[in-house]
Each structure stands twice: as structure tokens, then as C-alpha cells.
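**Student:** In our numbering, the protein residues as written are 463 to 909. Glycine included, C-beta positions come from ideal geometry on N, C-alpha and C. Dropping the structure in here first, questions after.
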Amino acid sequence: MFKNRKEKVALYETIAGVQDISTLPATSLNIYSSYNHGLDSGKENYTTYDIFVAHVLKILLTYIIFVYMRLFDIHEWILHSVELFRILRLDVKYLIYDYVKISSSSYFQNLLTEISFYWYIATSIPGLFWRVFNPWSGSPIGLDQFLQHVPKSNIPTSLGLILHYHPPLLKPPPDIPQPYLDSDRKIQVPQKKDVQYAIAIRSEYFAQHQAHVASERVRLLREIGQFVTWCCLVPSIETVTIVEKKATCWEVEADFIDSVKNAILVELVALSNTCDPEELTKLKGLLPQIVVVNKFTKATYTVNESEVQPHEVTTELEDTLENIIAVYQDQRTLTVILCDSRVRITNYKIVTSKSDDLKADDPEFNIQFPPTPGYIIAPKSTRGFNHSLEGYVCVDEDPNKSNMAVVHFLHLKFGFPFFSRSLYHYALEKPYAPPLKDEPQANSTFC
């Protein structure tokens, strides 16, 4: 045993190049030092050899974590690639289903039809491959391009979007120096330059804080407007729930709710400007009436009210928008529900404060809480993956029928690829169903 100990010490001295110390007290190490996790907590004194072993284990752990994260990235890349190929196969099925074969009594005519069919499929696959693996980075141009990037069946009737407000990562400002009593009980007044310096730092901090809050509000409004506009173009979607924990865009009812409505209208105008006359005619019959509901205040707003108009919209765009929303009254209704943390905290207290005879089918649940969506999605933020529902609470509209929601935290940041990929992910979770003939379809660009 002594020989093995001597060989270990000799090896250590050869590698480390320092002499061994056998009386290093445990109190000499910083309490926050990571070496404490690799040392024997039962010892009162440590040797340099013990520190060396802990250091080697720390380096080994770093390499293990590095290799694990690389393997995790490869695993995620494989999963995403497999999902893209499944999306490609689903689009090919849609392409085969849409192709109309004209049967004939002639054998050679049927043979030519089969040859043209397989040639059509073969020549369309490269375009489909490029469309799936290289989607649009922003909003698609025109209604046709939009419909080509969404599945034609198995689309949920209700969607839930989890948005995250990024708090400012600013160092807190120093406190303003205050007069104090010294040891002789004399009042010591801080120097004027120290007070002015603290006030200047605090002013700069609050200015940066307000600028960050304003930029986050603009980002959230843009994402809400784009998401609602995209959902308008999918006929099967009837309810959209927007969850933002801090209610940054609608906390002050009188001011910010108009901003939400105007953000939706601006995106509708931008979409209509990219459509040709034929697509614009199809768009008029496709867009629904949009109703915004604040679940905390129970207030309901109609987006297409005449007094609500986008701020920087020209007369030509206003005429185009009026033509679009003129046919809303006879169309379907898209309900947009706004939820924040107050729904979970305040509304829950309202429900629990009722009498003891509260039953599961009490209508108060549906009044205070939003319905359970069929599909809940959350984009990746600039600060990493989002794996939280931000305190979102919902209830089943029918207590006798449980609604099993699909929750998906995507690896994509918010944008049209995120929206398209999320719908395809939901469609792949369900058995394949052919598209309905009465659903609006895109004109094929591969014919």
C-alpha cells in the first residue's frame, strides 16, 4: 500500500511539478469553489494530491459535458431531418391525391396517362424538396405561396401560442447616497459629485429600461399580428389563444388593446398588397371576422370596426382593406383570446370564492378561464429554448369530454417557418386523411 501511495505521489509530482502539501485546511478553500464538490467532505485537512485529483475530475467532467452536448445536437439534427422527410412524404401524398387521372378505353391512352403521372410526380419532387428544406424566412408573398406551405388536412381547430417577454439584462443602478451618522454621531452629508453621479447612472438605467420595454412591446405586437393573420388563412382554425405572462401589449386596456387590433389590421393590409387580383378575390372569401377577447377583463373587441384603422396606412390601402372586410359579416369568426398571469391568479380566486356547491359543469369556469386548445406551441427565443407554458391555465368546455392538447416546443424562432412547421408537426401526429374538396387549395406550381 505504501509503495502504491509513493508511486501516486511521484506521478503527481512529475505531472504537476510541485511538492505535496499534507496540511491544507478545508477552510482555506472558498466556500463557493467548485473543488468542494470533488473533495471528501469527511476530511478536515486536504493534500495537494487531493486537489490535483479534483482538478483532473473537473476537466474530465467538462469534456464529458462537451461530448454529451455534441451528441445531443446530432440527435436533435437527426430527429429534425426525419421530420422533414416525413413532411416531404406527406406533401407527395397530397400531390398524388390532387392529380386527376383521365381513364380511357384505349390501353395505350391509359399507358400514356400512367407515364405522364409518374413523370409529373418525379419532376415535382425536387421542387417539393426545396420547399420543405428551405422554407420562406418571412411572410410568404401571396395567398398561393402561403397555402403551399401549410398542410391540407389534420389541422387543429384551436391553437395556443406561448409568447415570452425578455426582461432587460441590465445591472441595477446604485442607490442615491444618503446622509448618515458616523461613529461620533455626527451627520455626514455625501459629496455632491457622488450624488450627481448616482442620479446620472440611474437616469441612464431607466432610459435603457424604457427603451427595452418599448422594443419588446413592438416585437410582441408584430408577432401577434402575424400569427393571427396566418391563422385567418387556415379555414379550420376557429380559436387562437395568445399567452403572454406580463400582458405587455394589453395591460392598459384603453391604449394597448387598440395597438393589438391595429397590429392585426396592418398585417392583413400587408398580405393583401402581395396578392394578385385572382388571389385577392379568393382572399375576400377566406378571411373571417376577427374578435379579440381579453379573458381577464371579459371585454370583447371586433377588429374590423370602422373606427379602428392602422396608423400609417394610405388611402389606397384603406380602400383595399375595406373591400376585404366588407364580406366579414357572412364569414366564419376567428376568436383571439388574450391571456396573462392575472387569469391564473385573480380569476382563480374568483372561482374559489364561490359557494361550496361549485360543480364541475358550473358555467363560471368557462367564463373565467379560456378553453383548452387542441395544439399549444412555443417558439425558440433569442435566449434559448422555451420549455415553459408561462403559467397558462385552461379548462375543458365540456367537463364530460376531456380535450388532450398537443404541446410542442419548437427549435425555430418565431416566423413563418415556425408556423408552417408546427402545423405539419400536428398533422404528422394524426393518421393521414385526404384533404377536403371544399377547402381552398393553392394552385400547383409543379404542373
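(1) Helix, strand or coil: which one does DSSP assign to E666?
(2) Between which two residues does the alpha helix (DSSP H) containing E706 stretch?
(3) Restricting to runs no shorter than 4 residues, where is the alpha helix (DSSP H) found entirely within the stretch 563-643?
(4) In this structure, does DSSP put N828 in helix, strand or coil?
(5) Taking all protein chains shown into account, decide if L574 is buried (16 or more other Cβ within 10 angstroms of its Cβ) or exposed.
(6) Can you have a look at Y530 and say buried or exposed, based on whether 16 or more other CB atoms are within 10 angstroms of its CB?
(7) Nearest CA to the CA of V731: which residue from E740, I719, D720 and L745?
(8) Assuming contact is defined by CB atoms lying nearer than 9 angstroms, are F595 and L552 in contact in what I supplied?
(9) Can you tell me which of the three DSSP states F689 falls into?
(10) Is it right to say E685 is buried, meaning 16 or more other beta carbons lie within 10 angstroms of its own, or is it exposed?
(11) Quick one: what does DSSP say A761 is sitting in, helix, strand or coil?
(12) Counting C-beta neighbours from all protein chains within 10 Å, is the total for K875 16 or more, i.e. buried, or is it exposed?
(13) Give the straight-line distance between the Cα atoms of T703 and F827, rounded to the nearest whole angstrom.
(14) Tell me which same chain residues have a C-beta within less than 7 angstroms of the C-beta of D816, skipping the five on either side of it?
(15) To the nearest angstrom, how far is it from the Cα of K821 to the Cα of S864?
(16) Beta carbon of Y667, beta carbon of P635: below 9 angstroms?
(17) Closest by CA to P618, which one among V869, L682 and Y556?
(18) Return the CA-CA distance between V754 and W712, expressed in angstroms with no decimal places.
(19) Look at the Cβ atom of I549, then the Cβ atom of L898, and state whether they are nearer than 9 angstroms.
(20) Check whether the Cβ atoms of S615 and P896 sit closer than 9 angstroms, and answer yes or no.
(21) Are Q830 and K757 close, meaning C-beta to C-beta below 9 angstroms?
(22) Leaving out five residues on either side along the sequence, give the residues of the same chain with a beta carbon under 8 angstroms from the beta carbon of K708.
(23) What would DSSP say about Q751, mapped onto helix, strand or coil?
(24) Taking only the alpha-carbon atoms, compute the straight-line gap between D560 and S578 and give it to the nearest angstrom.
(25) What residue range is occupied by the uninterrupted beta strand (DSSP E) comprising T795?
(26) Can the beta-carbon of P639 be found less than 9 angstroms from the beta-carbon of D656?
(27) Would T736 pass as a contact of I624 if the rule is Cβ separation under 9 angstroms?
(28) Can you look up F847 in the DSSP assignment and give me helix, strand or coil?
(29) Taking T797 and T701 to be in contact with their CB atoms under 8 angstroms, please state how far apart those CB atoms are, rounded to whole angstroms.
(30) Bridge partners of H870, per DSSP?
(31) Go to T510, then tell me how far its alpha helix (DSSP H) extends in each direction, as first and last residue.
(32) Tell me whether K875 sits in a helix, a strand or coil according to DSSP, three-state version.
(33) Can the beta-carbon of P841 be found less than 9 angstroms from the beta-carbon of L872?
(34) Pick helix, strand or coil for V855, following the three-state DSSP scheme.
(35) Around the C-beta of S721, are 16 or more other C-beta atoms found within 10 angstroms, so that it is buried, or is it exposed?
(36) So what's Q650 in DSSP terms, helix, strand or just coil?
**Tutor:** Walking through what the data contain:
(1) E666 falls in the helix class under three-state DSSP.
(2) Per DSSP, E706 belongs to no alpha helix (DSSP H); it is in the beta strand (DSSP E), T701 to E706.
(3) You should have 569-595 and 605-610.
(4) Assignment of N828 by DSSP, reduced to helix, strand and coil, places it in the helix class.
(5) L574 should be labelled exposed.
(6) With fewer than 16 other Cβ atoms within 10 Å, it is exposed.
(7) Measuring from the Cα of V731, the nearest candidate turns out to be L745.
(8) It is not a contact, given that the beta carbons lie outside the stated cut-off.
(9) Here F689 sits in helix by DSSP.
(10) Buried, by the Cβ-count rule.
(11) It is a strand residue.
(12) Burial call: exposed.
(13) Roughly 16 angstroms separates the two Cα atoms.
(14) The question names Asp, but residue 816 is Lys in the sequence shown. If the five residues before and after K816 are omitted, its C-beta is found closer than 7 angstroms to the C-beta atoms of E826, all from its own chain and listed in chain order.
(15) Going from the Cα of K821 to the Cα of S864 covers about 16 angstroms.
(16) In contact: Y667 and P635 (Cβ atoms closer than 9 angstroms).
(17) Of the listed residues, the one whose Cα sits closest to P618 is V869.
(18) Looking at the two C-alpha atoms, the distance is approximately 11 angstroms.
(19) Result no, Cβ atoms of I549 and L898 do not sit closer than 9 angstroms.
(20) The criterion of a C-beta distance shorter than 9 angstroms is satisfied by S615 and P896.
(21) Yes, Cβ-Cβ distance for Q830 and K757 is below 9 angstroms.
(22) Non-local beta-carbon contacts of K708 in its own chain, meaning distances under 8 angstroms to residues more than five positions away in sequence, involve Y627, D802 and S803 in chain order.
(23) Q751 falls in the strand class under three-state DSSP.
(24) The alpha-carbon atoms of D560 and S578 are separated by roughly 14 angstroms.
(25) Where T795 is concerned, the enclosing beta strand (DSSP E) stretches over T795 to C801.
(26) Contact: yes.
(27) If you check the CB distance, T736 and I624 do not come in under 9 angstroms.
(28) F847 falls in the coil class under three-state DSSP.
(29) Taking the Cβ atoms as the reference, T797 lies roughly 5 angstroms from T701, within the contact range of under 8 angstroms.
(30) Partner(s): I839.
(31) Here the alpha helix (DSSP H) through T510 covers T510 to D560.
(32) In the structure shown, the three-state DSSP call for K875 is strand.
(33) Taking C-beta atoms as the reference points, P841 and L872 count as a pair closer than 9 angstroms.
(34) V855 carries a coil assignment under DSSP once its states are collapsed to helix, strand and coil.
(35) S721 should be labelled buried.
(36) In the structure shown, Q650 sits in a strand (DSSP, three-state: E or B).
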